[in-house]
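Chemist:
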Amino acid sequence: MALKLFNTLSRSIEEFVPLDPDSKQVGMYCCGPTVYDSAHIGNFRTFVFADLVRRYLEFKGYRTRFVMNITDVEDKIIGRVREAKIPLREYTGKYEAAFFEDLKNLGCLPPHDTPHATEFIPEIIALVEKLITRGLAYKAADSSVYFSIDKYRGCGCVYGQLLKLNFDEMRTGERVKSDDYSKESVADFALWKARVPEDGDVFWPSPWGEGRPGWHIECSAMSMKLLGPSFDLHLGGEDLIFPHHEDEIAQSEGAGLQPSGQPFVKHWMHGAHLLVEGRKMSKSLGNYYVLHDLTSKGFTGREIRFLLLSAHYRETFNFTVKGLEGAQTSLARIDECLAKLRELAGNSQAPPDSTLVEAFSRALDEDLNVAGAWGVVFDWVRDTNRHLAENSLTPVQAAAALAAWNRVDSVLGVGAAPETEVPTELTALLDQRQAARKARDFKRADVIREELKAKGWVIEDTPKGARLKRL
RNA sequence: GGCGGGGUAGCCAAGUGGUAAGGCACGGCUCUGCAAAAGCUGCAUUCGUCGGUUCGAUUCCGACCCUCGCCUCCA
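In this note's numbering, the protein residues as written are 24 to 494.
(1) Determine the direct distance from the alpha carbon of residue 380 to that of residue 228, and round the result to whole angstroms.
(2) When burial is assigned at 16 or more other CB atoms within 10 Å of the CB, is residue 414 buried or exposed?
(3) Taking the C-alpha atoms as reference points, what is the distance between residue 490 and residue 465?
(4) Does the distance from the CB of residue 518 to the CB of residue 384 come in under 8 Å?
(5) When you compare only the Cα positions, how much space is there between residue 473 and residue 444?
(6) Taking buried to mean at least 16 other C-beta atoms within 10 Å of its own C-beta, is residue 331 buried or exposed?
(7) Under a three-way DSSP split, which group does residue 59 fall into?
(8) In its own chain, which residues sit with a C-beta less than 6 Å from the C-beta of residue 313, not counting the 5 before and 5 after it?
(9) Going by alpha carbons, who is nearest to residue 233 out of 281, 165, 280?
(10) Based on Cα-Cα distance, which residue from 180, 100, 154, 348 lies nearest to residue 169?
(11) Please give me, in chain order, every unbroken run of the beta strand (DSSP E) with length at least 3 that falls completely inside the segment 253-320.
(12) State the DSSP-derived secondary structure class of residue 360, mapped to helix, strand or coil.
(13) Helix, strand or coil: which one does DSSP assign to residue 128?
(14) Go through its chain and collect everything with a Cβ distance to residue 103's Cβ below 7 Å, but skip five positions before and after it.
(15) If we call anything under 8 Å between Cβ atoms a contact, is residue 159 one with residue 277?
(16) Rounded to whole angstroms, what's the CA-CA distance from residue 271 to residue 441? Just pull it up for me.
(17) Using CA coordinates, which residue listed in 483, 393, 66 is at the minimum distance from residue 359?
(18) Quick one: what's got a C-beta closer than 8 Å to residue 180's C-beta in the same chain, skipping five residues either side?
(19) Give the straight-line distance between the Cα atoms of residue 345 and residue 352, rounded to the nearest whole angstrom.
(20) Helix, strand or coil, according to DSSP, for residue 512 in the structure here?
(21) What residue range is occupied by the uninterrupted alpha helix (DSSP H) comprising residue 418?
(22) Which residue from 399, 328, 407, 146 puts its Cα closest to that of residue 367?
(23) What separation, rounded to the nearest whole angstrom, lies between the Cα atoms of residue 309 and residue 56?
(24) Alpha carbon to alpha carbon, what distance is there between residue 422 and residue 416?
(25) Rounded to the nearest angstrom, what separates residue 196 and residue 205 at their Cα positions?
(26) How about residue 31 and residue 264: do their beta carbons lie closer than 8 Å?
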């Protein structure tokens with residue numbers, strides 16, 4: 024079955040074919056975090072989405088090289104560094120470490136490369152020089168270097184590949200900064216920003232004087248260096264379509280490094296934004312969640328991941344605490360089923376049962392219909408539970424079912440529920456309750472049950488005996 | 001003003017020109033000393049409104065209403 028993905032370039036669903044169809048090698052790039060603060064749940068929707076793409080490509084037999092950049096120099100960071108009076112790297116390092124911790128918590132596989140903007144200054148300068156040489160960029164009176172949209176379009180290149188742009192109808196104004204007065208045209212964007220006093224220690228030497236990279240250029244420089252001038256997949260949040268990705272295309276194709284006829288990026292994918300509790304996330308509404316806000320409420324990374332993966336990536340998704348509670352119950356349903364399968368399978372081994380895997384894959388082949396894929400999983404859980412209840416499953420069949428789940432979970436990445444060790448004193452209490460029940464001393468049995476509950480453990484009386492579960 | 005999404009049960013969310021997946025919540029049942037947990041099971045004559053095309057539309061077309069996003073450094 025062929026994988027089909029929506030491509031922002033064509034605004035339609037296309038079969039995914041890598042630039043080199045025979046190699047099974049896929050280069051993918053996702054615009055990563057700007058490490059000036061903790062990443063929020065909306066950011067993570069995009070990164071979990073990117074992780075899904077990467078995992079599914081690998082499931083389909085592609086070898087991926089996944090690059091996610093870390094933007095560690097930018098206006099907000101410079102502002103914070105100045106306030107905090109600490110070196111740039113010290114400041115960004117803290118948030119970067121937190122970011123990777125969160126990413127891990129959410130079950131995202133680490134990207135193969137996580138390049139930093141500040142470590143690619145020579146490449147960035149070289150790219151800007153190339154653009155100046157080709158006549159597409161100019162040094163302005165303020166010593167910054169800008170990319171000229173007019174010149175670019177004059178060469179027959181298309182500015183506005185990812186969205187329809189109508190320059191006459193565009194509202195210019197509010198967000199055009201006053202220090203951009205030296206641009207030849209409002210549409211032009213900075214490749215290199217000349218040093219200003221507020222930058223403090225944050226600057227690098229360049230042929231145009233001291234300064235720092237513009238926003239878009241880092242992604243062009245890093246992606247082309249690590250994946251080549253033309254690569255397969257570029258992902259990001261939908262807000263990056265314009266101007267960031269459009270400008271990336273302009274710079275990268277403007278530099279003319281691609282083999283003739285090949286685009287900078289073959290396939291662009293964008294994840295939709297998140298609503299939180301039905302509203303756009305904002306600090307003043309109190310619905311601005313960073314991962315820690317959620318984990319401190321007792322939700323786990325896998326539950327958050329599950330919820331983030333419960334809707335199609337191109338749909339706005341309403342992220343709610345109620346939804347997280349539902350995610351908790353849903354995952355528990357899967358966990359229960361898996362636990363029973365494991366018990367039955369014992370040491371048996373078997374190849375994966377293809378029914379689940381194929382139906383799952385059919386769903387994801389359709390532009391990553393992850394909701395449909397979960398539907399397949401839950402149908403499978405119900406069928407499995409039925410068989411389990413009927414005792415109609417052999418250990419080998421159980422092993423095949425587990426193997427199938429592992430295959431599916433290589434994409435979903437929710438893994439298994441973390442094992443909770445039951446403290447021995449609690450097991451002792453449980454034994455006492457069992458003894459009391461046997462003696463038909465139900466009063467005492469219920470007292471022990473309450474006691475355990477007060478300690479945060481619930482007793483599960485199953486036909487195979489009692490066991491303890493964390494509340 | 002320009003461009004682009006979306007409106008499917010109490011909530012979240014798939015999907016299809018042929019009569020509505022899945023999850024949560026809720027009800028019933030099984031199990032149990034009673035519970036809980038777990039499992040099974042039930043739960044949209046209907047897909048924003050009004051028209052049109054069609055043997056047949058939630059799915060295609062048109063109009064309208066509502067809602068959300070982007071329009072120069074926000075995932």
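Quick reminder that beta carbons are idealized off the backbone N, C-alpha and C, glycines included.
Modeler: With the given structure in hand:
(1) Start at 1 with the first residue of the first sequence, and residue 228 comes out as number 205. Start at 1 with the first residue of the first sequence, and residue 380 comes out as number 357. Each residue's Cα considered, the two are about 54 Å apart.
(2) The sequence position of residue 414 within the first sequence is 391, counting from 1. Label assigned to residue 414: exposed.
(3) In the first sequence, counting from the first residue as 1, residue 490 sits at position 467. In the first sequence, counting from the first residue as 1, residue 465 sits at position 442. Those two C-alpha atoms are separated by around 18 Å.
(4) A query on residue 518 cannot be resolved here, the shown segment of the chain reaching from 24 to 494 and no further.
(5) Locating residue 473 in the first sequence gives position 450, where the first residue counts as 1. Locating residue 444 in the first sequence gives position 421, where the first residue counts as 1. Their Cα atoms are separated by approximately 20 Å.
(6) Your numbering for residue 331 matches position 308 in the first sequence. Buried: at least 16 other Cβ atoms inside 10 Å.
(7) Start at 1 with the first residue of the first sequence, and residue 59 comes out as number 36. Coil.
(8) The sequence position of residue 313 within the first sequence is 290, counting from 1. Its chain contains 61, 63 as the residues whose beta carbon lies nearer than 6 Å to that of residue 313, once the 5 sequence neighbours on both sides are disregarded; these appear in chain order.
(9) Start at 1 with the first residue of the first sequence, and residue 233 comes out as number 210. Comparing Cα-Cα distances from residue 233 to each of 281, 165, 280, the minimum goes to 165.
(10) Position 146 of the first sequence, counted from the start, is the residue given in the question as residue 169. The shortest C-alpha separation from residue 169 is found at 154.
(11) 254-260, 288-294, 297-299
(12) If you number the first sequence from 1, residue 360 lands on position 337. Helix, per DSSP.
(13) Along the first sequence, one-based indexing puts residue 128 at 105. Here residue 128 sits in helix by DSSP.
(14) Sequence index remark: in the first sequence, residue 103 carries index 80 (1-based). Taken in chain order, the residues that qualify are 59, 114.
(15) Walking along the first sequence from the start, residue 159 turns up at place 136. Walking along the first sequence from the start, residue 277 turns up at place 254. It is a contact, given that the beta carbons lie within the stated cut-off.
(16) Position 248 of the first sequence, counted from the start, is the residue given in the question as residue 271. Position 418 of the first sequence, counted from the start, is the residue given in the question as residue 441. In this structure, the straight-line span from the alpha carbon of residue 271 to that of residue 441 is close to 42 Å.
(17) Start at 1 with the first residue of the first sequence, and residue 359 comes out as number 336. The candidate whose alpha carbon is nearest that of residue 359 is 483.
(18) Looking up residue 180 in the first sequence gives position 157. Hits under 8 Å: 273, 276, 277.
(19) Along the first sequence, read from residue 1 onward, the residue named residue 345 stands at position 322. Along the first sequence, read from residue 1 onward, the residue named residue 352 stands at position 329. C-alpha of residue 345 to C-alpha of residue 352: approximately 11 Å in a straight line.
(20) Nothing about residue 512 can be reported from this structure: the residues present for the chain run from 24 to 494 only.
(21) Walking along the first sequence from the start, residue 418 turns up at place 395. Counting along the chain, the alpha helix (DSSP H) containing residue 418 begins and ends at 418-435.
(22) Stepping through the first sequence from its first residue, residue 367 is reached at position 344. For residue 367, the nearest C-alpha among the options comes from 407.
(23) On the first sequence, position 286 is the one that residue 309 refers to. On the first sequence, position 33 is the one that residue 56 refers to. Near 22 Å, if we compare the C-alpha coordinates of residue 56 and residue 309.
(24) The count along the first sequence starts at 1 and reaches residue 416 at position 393. The count along the first sequence starts at 1 and reaches residue 422 at position 399. For residue 416 and residue 422, the distance between alpha carbons rounds to 10 Å.
(25) On the first sequence, position 173 is the one that residue 196 refers to. On the first sequence, position 182 is the one that residue 205 refers to. Per-residue confidence for residue 196 stands at a pLDDT of 43, beneath the threshold of 50, marking its modelled position as unreliable; the derived number appears in the next sentence. If you take the alpha carbons of residue 196 and residue 205, they lie about 15 Å apart.
(26) By 1-based counting over the first sequence, the position of residue 31 is 8. By 1-based counting over the first sequence, the position of residue 264 is 241. A contact, by the Cβ cut-off of 8 Å.
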